[in-house]
Structures are given as structure tokens and as C-alpha cells.
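**Q**
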Amino acid sequence: MSAPRRLLTTACVTALVLTGPLGGSISLASAPDGPRPAPAHRAELIRLGKGSGDFCLTPGATRALAKAHVRLTAIRPARLTGNRERLCATTPITGGSVNRNATKGEIDFDGGFDFTRGGRHLRVNHLKADFATGRVSGDVRGARPARTAFLAFKPDPKKIRFGGGKVTAHVAFTLTSHGAESFKSAFGTAPVAAGERLFEGDGTADIRLPHPIHTLRPARPTLDVVQ
């Protein structure tokens, strides 16, 4: 047998050996009752881009702070928005992730809010919302600087919407016991008690797609030819 015929025979035998088990796998996958890909789980995290979040004083908190002569200001790049009846600290959202049930994920904010009375301050900066724990922590700069879980929240999936390339949410924030202690440390008293609502929040952020469609390229088939 000539060398070219011997090489061709060897290649044919090898192909038959390799395609035997693969053929069974292919027919199983293509069968109607074969395994199917699992649907996307609602716990899958959705990456977020830039946006903004409003921390707006509730009517009760507005009255309590006014009675204690404590006023709200913003820490840049956050800014004060709203009016005297509904004053807000609007903070930039720099990124994060969240699932559709709002039970997992984190959102990062830039800037924060500053409560002042006379020459005393209670600053809460570099905010982070943790959906797993239901806490908003921040760098607290009062009489005793520390990283503190300052606010608590319980997200309602009905008030969180995904669509149009964005996610929007409305959340109520209560003051934690650590937040109340921070007020007492800075001013000697906590105008709002632990467990009471301090802010009502509205936020929106862009949804970051992992692979934009225009960046995907189809795979190029390759052919091995034996001559």
C-alpha cells in the first residue's frame, strides 16, 4: 500500500473512532426530551453603572431635626436638592450590582450627608448599600470617627423596576442603633430614635451589559485538509 493511501486509511479509522461517542451525545442533545439549559436564576447579579440616589428627609425627621436645631447639608460631590419641606442629599451612584429580588448585591455612592449644629458636625461619607444585610454604611466623622452601619432598609421588589437599560427604586431608610449613637456622640442627643424613618430614597442607575451586541464577533470555522 502506498504512503498516501496508508495515511488516508488511518485518518478514516481515527475519524470513525472519535465520531462514535460524539454522535450519541449530539443525538441526545438534539432530542426533544434531552437536557435543556437552566433558566436564568433571579439571584443572578445585574451590574450597575452610574446614576444618582436621593436621600430625602421624612416629614417627621424634618420636624425633629428643626426642633433640635440640627440641619442637613451635603458632602461633595453630593448636593442638596428639594425644598424646606422635603430636603434631600442627592448622591452620585458610582456602580454596584443587584439581583431582581433585591436580596443580594451592593451599590456604591460618592459623597454623603452632613448634619450640623453650631460648630459640631456628624458627617456620613462614602456610602455603601448592602442588599444582603439591609444596611447602608459610611465613614462617620463625628466625635468618634468610625465605619458605621448608619441606616437600615428593607427593599420591596415591587418598588424596584428594571427596564430601558436602567434600574429605578424607592426605598425607606430607618436610623440604626449605631446611627442613633453617632447622633448622641456628636450632639449629645438623637433627634430621631433608632428604628424610626430618617430618609426616603429614590434612585436610578444604568444597567451595564456584560457583552454589548456590537462587540461580539461570530466564530470563524477552520478546516483541516489532508493532501
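If you count the sequence shown from 1, position 18 lands on 0 in the numbering used here, and the numbers rise without skipping. Beta carbons: idealized from backbone N, C-alpha and C, even for Gly.
(1) Sorry if obvious, but does the Cβ on Arg190 come closer than 7 Å to a heavy atom of the ligand GDP?
(2) Tell me, to the nearest whole angstrom, how far the beta carbon of Thr219 is from that of Gly35; I am working on the premise that it is less than 8 Å.
(3) Touch check for the segment 163 to 178 and the segment 27 to 47: three-plus C-beta pairs under 8 Å?
(4) For the segment 95 to 166, which segments carrying the alpha helix (DSSP H) assignment without a break, of at least 4 residues, lie completely within its bounds, in sequence order?
(5) List the endpoints of the continuous alpha helix (DSSP H) containing Ala43.
(6) Assign Ala84 to one of three DSSP states: helix, strand, or coil.
(7) Which class does Ala172 belong to by DSSP, given the choice of helix, strand or coil?
(8) Any idea what DSSP makes of Ala22, helix, strand or coil?
(9) From the DSSP output, read off the bridge partner residues of Thr76.
(10) Please classify Asp184: does DSSP put it in a helix, a strand, or coil?
(11) Between which two residues does the beta strand (DSSP E) harbouring Arg53 extend?
**A** According to the data block:
(1) For the structure depicted, the ligand GDP is absent and the ligand set is empty, with no information on it obtainable.
(2) Any property of residue 219 remains undetermined from this structure, which presents the chain solely from -17 to 209.
(3) yes
(4) none
(5) Segment 41 to 49, the alpha helix (DSSP H) holding Ala43.
(6) coil
(7) coil
(8) Here the model assigns Ala22 a pLDDT of 46, short of 50, so the residue's position is not dependable and the matter cannot be decided.
(9) Thr76 pairs with nothing; no bridge assigned.
(10) In the displayed model, Asp184 falls within a strand according to three-state DSSP.
(11) 53 to 57
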